[in-house]
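Student: Residue numbers (our numbering): 77 to 790.
Structure follows, in structure tokens:
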């Protein structure tokens with residue numbers, strides 16, 4: 077009898093539904109040759125451990141199906157490409173050597189700075205990426221020269237000037253920049269705040285600015301333009317990309333004609349002591365062939381791009397994969413690009429930390445029959461800093477599984493997946509709509525087709541619209557003409573609009589067994605002259621109403637806190653709760669209920685305590701002072717445990733870690749060791765279904781101390 081750490085995918089009841097698209101069992105057989113790469117290697121070497129190559133691409137050029145490339149620690153400033161592909165059962169694998177930290181960087185260092193004016197320095201450099209040019213100061217993204225300045229360096233708190241009037245080609249602003257803005261670019265967010273756009277500034281007179289004209293009679297510029305008043309204002313804007321706007325620490329400008337970069341160094345800082353890098357390549361990794369595995373490799377400053385099929389990208393940290401300003405000639409609200417850019421089928425993106433980007437975190441193309449991709453157990457955060465229709469996960473492809481991810485901090489929607497046969501489950505999504513309005517934590521827009529997609533067992537929470545708009549941030553937003561969605565066993569809490577919003581002729585949707593707590597209202601509908609049909613709203617609980625739909629049965633509204641522990645995200649009903657045994661039987665939804673009837677809401681009293689989100693989602697969030705060692709802490713949920721257990725601990729310092737579960741007679745039933753676990757909060761999920769009922773001890777050993785807790789298995 078044994079236990080094992082499992083990704084949350086394998087803790088849910090429908091495990092077998094993922095097998096057809098999952099190639100994760102193909103990694104451990106039929107390997108042929110091992111190759112090695114190291115920073116002290118040479119591409120003329122044999123590529124052995126004793127005589128490694130210098131570059132990853134040298135190894136890629138000779139690798140065949142079944143080969144593994146072990147990359148030793150260091151920063152590799154090259155784009156990994158794949159001239160050869162693997163085969164089913166024998167992929168080509170690139171992985172880090174032992175526990176080495178490997179970074180593929182799309183940046184190059186600028187080290188030829190000379191004084192310009194005051195704290196502004198200049199350097200001759202070829203920055204080739206146009207609107208994707210970016211500059212990083214000691215690993216942080218800097219601001220392209222702008223007015224008003226981004227004083228707090230937080231892209232989600234919009235530092236802008238109010239717009240007082242305008243048309244399709246001009247706008248008036250409430251105050252003057254003091255410089256001629258001609259030749260700069262304007263970022264504009266309308267009063268509706270659904271999306272932003274950018275255009276070139278063609279001229280300025282006093283407080284009036286002319287820009288390249290837009291068509292204000294067509295979406296997306298209607299209703300997003302300065303001629304319209306919404307919420308008592310006409311929007312806001314800032315101006316960027318002109319040398320005369322360079323007046324603030326950590327701002328930069330690039331003159332493409334002279335190939336000179338300008339950067340304002342912070343006060344009391346020497347430019348020689350800083351690491352200043354520019355984006356030199358669009359991609360860090362470009363997988364063009366099938367059956368490639370990328371395991372444990374980190375990237376910086378460039379995207380991971382997949383056009384080959386049956387590829388796997390896992391266990392990496394991917395930062396600043398796509399940083400750019402918005403297109404200056406767009407006719408749509410969307411950006412078909414992402415830090416992870418998928419243009420092929422049957423790929424797996426798993427167990428990664430994907431952070432920081434101006435637009436999409438993961439973008440999955442919808443044309444050319446792209447299908448069958450799996451996005452699971454990733455932490456994805458800090459995306460869409462420009463306020464377009466971009467998302468941490470934005471999927472336009474059919475048959476996609478988005479499972480067990482933790483998503484937070486984005487300008488608009490958290491997940492967008494409006495195509496057929498998709499599954500969105502066990503995701504923890506929060507802090508969305510930080511720039512935009514009239515969107516949702518989960519958002520789709522439809523047409524005449526039923527989608528046959530399910531949104532189930534998710535946590536959608538802690539999202540509020542910006543103060544300059546009217547606070548329309550929905551939990552689950554089935555926008556115009558959305559049809560055929562099964563929405564069940566989700567918890568939506570702490571939002572400022574509808575838990576579920578359905579617009580126009582949104583038909584044939586099922587809203588079953590959800591819990592809505594501290595929302596503005598349970599459900600909202602905007603018909604706009606259309607008719608909604610065959611929407612079922614059954615077995616739901618909300619703290620505030622109303623229920624809107626064509627078939628509303630067995631729901632309840634009650635402001636009483638009837639949950640085990642809201643602060644700990646434990647929305648199971650307490651013993652004696654008014655939710656217990658008050659629901660109706662729904663085939664395929666309430667199967668296995670406990671008691672005389674199903675319960676209302678997302679959790680069944682005495683049933684499974686499911687947990688949403690990615691394991692180790694907080695691995696890189698510690699801000700503690702590591703100079704002082706403290707004893708670790710640990711908690712077990714649920715305890716007593718039935719089928720699964722979450723073990724969560726807080727490490728004050730980076731440390732080796734040993735986790736053991738033993739019976740009272742000292743028989744070890746589970747043990748796992750990490751040679752290096754980073755400081756902060758981490759968690760693992762353990763399958764306890766095979767354990768004999770009784771008492772066990774969970775023992776956590778670190779370099780900073782030992783802690784143990786009693787575990788009861790029922």
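Where is the CB? At the ideal position from N, CA and C, for every residue including glycine.
Is residue 42 helix, strand or coil by DSSP?
Tutor: The question about residue 42 has no answer here: the residues shown for the chain are numbered 77 through 790.
Student: Using DSSP with H/G/I as helix, E/B as strand and the rest coil, what is residue 374?
Tutor: If DSSP states are grouped into helix, strand and coil, residue 374 belongs with the strands.
Student: Taking residue 206 as the reference, give the member of 351, 220, 247 and 167 with the closest Cα.
Tutor: Ranking the options by Cα distance to residue 206, first place goes to 220.
Student: Could you round the C-beta distance between residue 265 and residue 305 to whole angstroms and report it? I think they count as a contact, below 8 Å.
Tutor: That pair is no contact at about 14 Å.
Student: At the level of alpha carbons, what is the spacing between residue 777 and residue 735?
Tutor: Taking the straight line from one Cα to the other gives about 7 Å.
Student: For residue 700 and residue 499, what's the separation of their Cα atoms in angstroms?
Tutor: In this prediction, residue 700 scores a pLDDT of 30, lower than 50, which makes its location untrustworthy; the coordinate-derived value is nonetheless stated afterwards. Taking the straight line joining both Cα atoms gives about 37 Å.
Student: Starting from the C-beta of residue 523, find all residues in its chain whose C-beta is less than 7 Å away, skip the five residues before and the five after it, and write them out in chain order.
Tutor: Once the five neighbours on either side are set aside, the close Cβ partners of residue 523 are 557.
Student: Spatial neighbours of residue 591 within its chain, please: C-beta separation below 6 Å, excluding the five flanking residues on both sides.
Tutor: If we look at residue 591 and ignore the five residues flanking it on each side, its Cβ neighbours are 567, 617, 647, 677 and 678.
Student: Mapping the DSSP letters down to three states, classify residue 738 as helix, strand or coil.
Tutor: Strand, per DSSP.
Student: If you count every other CB in all the chains shown that lies within 10 Å of the CB of residue 191, and 16 or more means buried, which is it?
Tutor: By the neighbour-count rule (16 or more Cβ atoms within 10 Å), residue 191 is not buried but exposed.
Student: Using 8 Å for Cβ pairs, my map puts residue 390 next to residue 360. What's the rounded Cβ distance?
Tutor: The Cβ separation is near 15 Å, so there is no contact.
Student: Is the segment 136-150 in contact with the segment 329-349, if contact means three or more CB pairs nearer than 8 Å?
Tutor: At 8 Å Cβ cutoff, the stretches do not touch.
Student: For the segment 450-468 and the segment 431-442, state whether three or more C-beta atom pairs, one from each stretch, are separated by less than 8 Å.
Tutor: Because the criterion of three Cβ pairs below 8 Å is met, the segment 450-468 and the segment 431-442 touch.
Student: Distance check for residue 117 and residue 126, CA to CA, integer angstroms please.
Tutor: Going from the Cα of residue 126 to the Cα of residue 117 covers about 9 Å.
Student: Which first and last residues belong to the beta strand (DSSP E) in which residue 109 is found?
Tutor: Neither: residue 109 is in no beta strand (DSSP E) and is coded neither H nor E.
Student: With a CB to CB cut of under 6 Å and the five nearest residues on each side skipped, what residues in its chain are close to residue 299?
Tutor: Result list for residue 299: 268, in chain order.
Student: According to DSSP, simplified to helix, strand and coil, what is residue 773?
Tutor: Residue state, collapsed to three classes: strand.
Student: Please work out which residues of its chain come closer than 6 Å, Cβ to Cβ, to residue 703, disregarding the five sequence neighbours upstream and downstream, and give them in chain order.
Tutor: Its pLDDT being 32, under 50, residue 703 is placed unreliably by the model, and the measurement read from it follows with that caveat. The answer is none, since no qualifying residue turns up.
Student: In terms of alpha-carbon separation, which member of 639, 584, 665 and 640 lies closest to residue 615?
Tutor: Checked all of 639, 584, 665 and 640; the closest Cα to residue 615 is 665.
Student: Report yes if the C-beta distance between residue 785 and residue 771 is below 8 Å; otherwise report no.
Tutor: For residue 785 and residue 771, no; Cβs fall outside 8 Å.
Student: Quick check on DSSP: helix, strand or coil for residue 779?
Tutor: Note: residue 779 maps to coil in three-state DSSP.
Student: For the segment 215-230 against the segment 190-204, do three or more pairs of beta-carbon atoms, one drawn from each stretch, fall closer than 8 Å, so that the two count as touching?
Tutor: The segment 215-230 vs the segment 190-204: no contact.
Student: Suppose the cutoff is 6 Å on Cβ atoms and the five residues either side in sequence are ignored; what does the same chain contact list for residue 279 look like?
Tutor: Excluding positions up to five away in sequence, the list reads 258 and 286.
Student: Buried or exposed: residue 373, going by 16 or more other Cβ atoms within 10 Å of its Cβ?
Tutor: Flag for residue 373 reads buried.
Student: May I ask you to report which of helix, strand or coil DSSP gives residue 132?
Tutor: Helix at residue 132.
Student: What do you get for residue 515, buried or exposed, if any count of 16 or more other CB atoms within 10 angstroms of its CB means buried?
Tutor: Residue 515 should be labelled buried.
Student: Can residue 503 and residue 689 be called in contact, C-beta distance under 8 Å?
Tutor: Cβ distance < 8 Å, so residue 503 and residue 689 count as in contact.
Student: Checking 8 Å against the spacing of the C-beta atoms, do residue 571 and residue 600 come in under that value?
Tutor: No, they are not a contact pair.
Student: For residue 570, report the span of its beta strand (DSSP E) as first-last.
Tutor: Residue 570 -> beta strand (DSSP E) spans 567-571.
Student: Tell me whether residue 655 sits in a helix, a strand or coil according to DSSP, three-state version.
Tutor: Note: residue 655 maps to coil in three-state DSSP.
Student: In whole angstroms, what is the alpha-carbon distance linking residue 513 and residue 395?
Tutor: Each residue's alpha carbon lies about 26 Å from the other.
Student: Under a Cβ-count criterion, where at least 16 other Cβ atoms within 10 Å of its own Cβ denotes burial, should residue 120 be classed as buried or exposed?
Tutor: Its Cβ having fewer than 16 others within 10 Å, residue 120 is exposed.
Student: Check the C-beta distance from residue 238 over to residue 227 and give it rounded, since I have them as a contact under 8 Å.
Tutor: Incorrect: roughly 17 Å between the Cβ atoms, too far for contact.
Student: Look at the Cβ atom of residue 475, then the Cβ atom of residue 448, and state whether they are nearer than 8 Å.
Tutor: Cβ distance < 8 Å, so residue 475 and residue 448 count as in contact.
Student: Using DSSP bridges, identify the partner residues of residue 398.
Tutor: In DSSP, residue 398 forms a bridge with 433.
Student: May I ask which residues mark the beginning and end of the beta strand (DSSP E) holding residue 238?
Tutor: Segment 237-242, the beta strand (DSSP E) holding residue 238.
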